[in-house]
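Enquirer: Keeping their order, the protein sequence lines are chains A and B.
Residues 1 to 362 in our numbering are what the first sequence spells out, letter by letter.
Residues 363 to 540 in our numbering are what the second sequence spells out, letter by letter.
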Amino acid sequence: MANGTWKIARRGNTQLPLVIVLALAVALVLLGKAQANLFDRARTTIIDRLQPVLVVVHTPVVQFDRWIGSIDELFTVYRENLALKDENARLKQWRNVAVVMQDRVKRYQALLHAVPDPDIHSVLTQVIGRANRPFLQTMILDAGSASNVKPGEAVVDARGMIGRIYLTGQHTSWVILLTDLNSRIPVTVAPGNHQAMMVGDNTAMPTLDTMSQTVTLHAGDQVVSSGDGGLLPPGLPVGTVVSQGGQYRVALLSDAASAQDVEILAFRKPPEQLPTDAQSQLPAVAAGLKPAAPPAPASATPAQPAQVAAAHPKPVAPKVAPPAATATPPAPATAPPAETAAPQATSPNSSETSADQTDQDR
Amino acid sequence: MEFSDRMGQWMSGRLLSALVPVLCGFIAVLFSNLPLSFTNGLVPAPLLALVPIYFWCLVRPDLMTPAAVFGIGLLQDIMAGGPPGIWTLSFVVTYAVIERQREAFAGLSGLAAILGFATASLVATACAYATVALYYWHLPPVAPIVAELVVTVLFYIPGVFVTGVVHRRLVGPLRSDF
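1) With DSSP as the reference, label G435(B) as helix, strand or coil.
2) Is T493(B) close to chain A, meaning its C-beta is less than 8 Å from at least one C-beta of that chain?
3) Is it buried or exposed, V155(A), if we count other Cβ atoms within 10 angstroms and call 16 or more buried?
4) Is DSSP giving R422(B) helix, strand or coil here?
5) For the beta strand (DSSP E) that contains W174(A), what are its first and last residues?
6) Inspect the CB distances between the segment 197 to 217 of chain A and the segment 237 to 250 of chain A and report whether three or more fall short of 8 Å.
7) For V127(A), which option in A266(A), D255(A) and F267(A) has the closest C-alpha, if you only look at C-alpha atoms?
8) Helix, strand or coil: how does DSSP classify L124(A) here?
9) Under a CB-based cut-off of 8 Å, is S399(B) close to chain A?
10) Three Cβ pairs or more, each shorter than 8 Å: is that satisfied between the segment 16 to 28 of chain A and the segment 426 to 434 of chain B?
11) Taking contact to mean 3 or more Cβ pairs, one atom from each stretch, closer than 8 Å, check whether the segment 229 to 240 of chain A and the segment 175 to 191 of chain A are in contact.
12) Just by C-beta distance, which residues in the segment 411 to 443 of chain B are closer than 8 Å to chain A?
13) Taking only beta carbons into account, state which residues of the segment 443 to 469 of chain B come closer than 9 Å to chain A, listed in chain order.
14) Going along chain A in order, which residues have a C-beta closer than 9 Å to the C-beta of P502(B)?
15) Relative to the C-alpha of T514(B), which candidate in K150(A), A143(A) and R133(A) has its C-alpha closest?
16) I need the straight-line Cα distance from S122(A) to G478(B), nearest angstrom please.
17) Mapping the DSSP letters down to three states, classify A333(A) as helix, strand or coil.
18) Could you check the C-alpha separation between P445(B) and S243(A) for me, to the nearest Å?
19) Just to confirm, are V485(B) and V455(B) a CB contact at a threshold of 8 Å?
20) Output yes or no for whether 8 Å exceeds the beta carbon distance between G447(B) and G32(A).
21) Let me see if you follow: with CB-CB separation under 8 Å, is R249(A) close to chain B or not?
22) Would you please state the rounded distance, in angstroms, between the beta carbons of G387(B) and P414(B)? I believe it to be under 8 Å.
23) So, with DSSP's three-state summary, where would you put H218(A)?
24) Kindly list, in the order they appear in chain A, the residues whose Cβ is closer than 7 Å to that of P506(B).
25) On the CB-based measure, 16 or more other CB atoms within 10 Å of its CB, does F521(B) come out buried or exposed?
26) Mind checking if P406(B) is an interface residue toward chain A, Cβ cutoff 8 Å exclusive?
27) Nearest CA to the CA of C419(B): which residue from E465(B), L437(B) and V391(B)?
28) Distance, Cα to Cα, V384(B) vs I434(B)?
29) When the distance is taken between beta carbons, is Q137(A) closer than 8 Å to D180(A)?
30) Just checking: is the beta-carbon of T44(A) within a distance shorter than 8 Å of some beta-carbon in chain B?
31) Give me whichever residues DSSP pairs with L136(A) in a beta bridge.
32) Against chain B, with Cβ distances strictly below 8 Å, would I71(A) count as a contact?
33) Distance check for G192(A) and A338(A), CA to CA, integer angstroms please.
34) Among the residues of its own chain, which have a CB less than 8 Å from the CB of Q438(B), if the five just before and after it don't count?
35) At 9 Å on the CB atoms, spell out the chain B contacts of I140(A), in chain order.
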């Protein structure tokens, strides 16, 4: 084609610059590996500048998308209508059950003086762009650092979690989808509360890496965010387990391709507060006795465990004795059980203490 | 005075025509990386920037230099949002391949020309895939990159038409003074 129409220039002496440019490109990849957020500022600046255009252009594009998407639905509309009516009837029944359960949970919470879940602030925003690249699946939201959006926050739609923010500009933010190659989310699989890591691989269903090799999951098990790490709130619905080719995958509840209005959850796990006067609330102290000596170090001589055991006050001693008795008989080996016994003996009390403390705090 | 005016116009025209291929590459990158999908995200955006790179590397290699290709790849990396440097390296490697086999590629016409561009696209996507595999140290799924390759090749026909019109109107035929 080119030869038929265009005259061809002579080959220039580009070998040397080509080698230099090639070396620069390789250096850029290596630099990018060392510092992955190399272009983040430039990227967010460009998209921030394009934001007004994207907002304007987005609506007709979405309408066109819906129109294209609805063409094939014309042939299945009757069957889908029947299925939806059936599903709607079943959902109404479940709604009644849910209302009854909600009332019951409220009563139990009132009886137990349960600590309510922390309020999660959220920012409701609109999807103004989507990018489906071979190595990146992302969407762009119409809210940025000006709306107090921060990287790491969860993005959800009405059905479940879509992804999390990984880059924020002034007025826009980028979402890394759960299906993306770089996405890793700690999740809990119920029933059984199995901990797992959901890893995206650019397919529609992310893989599920369970923490334990002995865990057996079942198709249909519910996957929710575990909240480990403190960035994502626990219990966000994510999807259901699907077994595919000997591998567990997650069929996501949300549909990132069609989501238009999403919420960004500003969840920050409060730092865990230790009880201030836990020492004075130990059972021995509360009983007016001398508190137990600190546990002996691991390199203690065989004589020391006996001293430590003897130093325990009488009320604690019976609780210490059974683990020591069930442990290995030689005297030196009794040191670890004696060490571990003290926390065992005090742990129920300490939980009571923390509960009491919580009540006092309230 | 008249001579210097004419020289100035000639120089500015020459500079503009020299910048047109690179500008076309930048525009192609911006256009293909707009975060808008007309297919509900099913079809990936084509690598439109490969069309001007391929075209002017064959027709006017003096205007599409390795440095220009590096710049176009850099903008693609910034806009695409993947691991940094992936497309820069891919575009430069593709340029090197086209430049080495220039006589063979330039002699193609019709369907063979499309196959020539498909070969260049294959080099670019394969290089990007291999780099990403090394980057993450595991093989990413092949389907998205194959889809990208197919869409890029399909967009070559309208792309080369537009590029040809720009070349005729703004760049002009081969100049004799290089």
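Where is the CB? At the ideal position from N, CA and C, for every residue including glycine.
Source: prediction; values computed, not measured.
Expert: For this structure:
1) helix
2) yes
3) buried
4) coil
5) S173 to L177
6) yes
7) D255(A)
8) strand
9) yes
10) yes
11) yes
12) F417, L420, V421, R422, P423, D424, T427, P428, A429, V431, F432, G435, L436, D439, I440, M441, A442 and G443
13) G443, G444, P445, P446, G447, I448, T450, L451, S452, F453, V454, V455, Y457, A458, E461, R464, E465, F467, A468 and G469
14) P134, F135, L181, D201 and N202
15) R133(A)
16) 52 Å
17) A caution first: A333(A) carries a pLDDT of 36, below 50, which makes its placement in the model too unreliable to give a value.
18) 30 Å
19) yes
20) yes
21) no
22) 5 Å
23) coil
24) P134 and N202
25) With the sequence shown as reference, residue 521(B) is identified as Gly, and Phe is not the correct amino acid for it. Classification of G521(B): buried, given that the 10 Å Cβ count is 16 or more.
26) yes
27) E465(B)
28) 7 Å
29) yes
30) no
31) R133(A)
32) no
33) Below a pLDDT of 50, predicted positions are generally treated as unreliable, and A338(A), at 37, falls in that range; no measurement from the model is reported.
34) V391, N395, L409, A411, W449, T450 and F453
35) P397
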